[in-house]
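Below: the structure, in structure tokens.
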Amino acid sequence: MPVMHKRQRGTHKTMLEDATIVYRVNSQDEITYVNEAWLQFAARNHGLHLLLDDVLQRPLWDFITDLTTRQIYRNALRKARAGRSIRFHFRCDAPDLRRLLEMHIAMVDRDDVEFRTRLVDAEQRPPVPLLSPLAPRTDDPLKICGWCMKVALEDGAWVEVEEAVEQLRLFDAVMLPPLSHGICEPCYRNMCETLEEEDVDSET
Ligand SMILES: [Zn+2]
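Residue numbers (the numbering used here): 1274 to 1477.
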């Protein structure tokens, strides 16, 4: 069981930085395959210590709770099953790393849709404990965009995570708010455009 209980060290880039993360779902949206990098990524970034048996045959939707994000993934799955290939960039930071990833969604055989994520760019920064799965949490969640990693403030503005920490005075907080993943308006519009563009590409 190679994945369990790895600790975040935050002092160096991990071996994951250039590992491609792959998972596949069947026509029932059940997960049929994840690679080792997926399991490690889930553990490191979301604190989910999962074994293969915990993941396989489970609905993809068990891992995507936000309704708008689900809607985007449903739309992407529908387009992929219609033979289209979808690519988009998204941020998925670690506490000490700004990280830009590319997702590629496409059919891989008659039944399975493959989600393939690779690292595009990474930049070190001082660690942001708000993003650590190990930080103790309150009961009052903060919404974070799963695409650009901006955080929603109470006034409706979306700001970079460092700015949110400053504005919410979370520097020396003993307990941090839990993060609930969603999508901000600009990223939502971009994703809708990306999914529409793919239509145009494949029809011409
Ligand atoms: Zn966003």
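Glycine residues also receive a C-beta, built at the ideal position from the N, C-alpha and C atoms.
Contact between residue 1415 and residue 1424 is confirmed by a C-beta separation of about 6 Å, below the 8 Å threshold. The beta carbon of residue 1365 sits no closer than 6 Å to any heavy atom of ligand 1. Shortest gap from the CB of residue 1460 to any heavy atom of ligand 1: under 6 Å.
7 Å or more divides the Cβ of residue 1338 from the Cβ of residue 1419. The alpha-carbon separation between residue 1385 and residue 1299 amounts to approximately 4 Å. Between residue 1392 and residue 1372 a beta carbon distance of about 7 Å is seen, short of the 8 Å cut, so the two are scored as contacting. For residue 1293, the closest alpha carbon among the candidates 1305, 1310, 1466 and 1303 is that of 1310.
The secondary-structure analysis by DSSP pairs residue 1440 with nothing; it has no beta-bridge partner.
Taking a C-beta distance under 7 Å as the contact criterion, residue 1302 and residue 1333 qualify as a contact pair.
Between the stretch 1344 to 1360 and the stretch 1463 to 1471, the count of C-beta pairs closer than 8 Å reaches three or more; the two stretches touch. DSSP, reduced to helix, strand and coil, places residue 1390 within a strand of the structure shown.
Not a single heavy atom of ligand 1 lies less than 6 Å from the C-beta of residue 1416. Residue burial annotation: residue 1444 is exposed, with fewer than 16 other C-beta atoms found within 10 angstroms of its C-beta.
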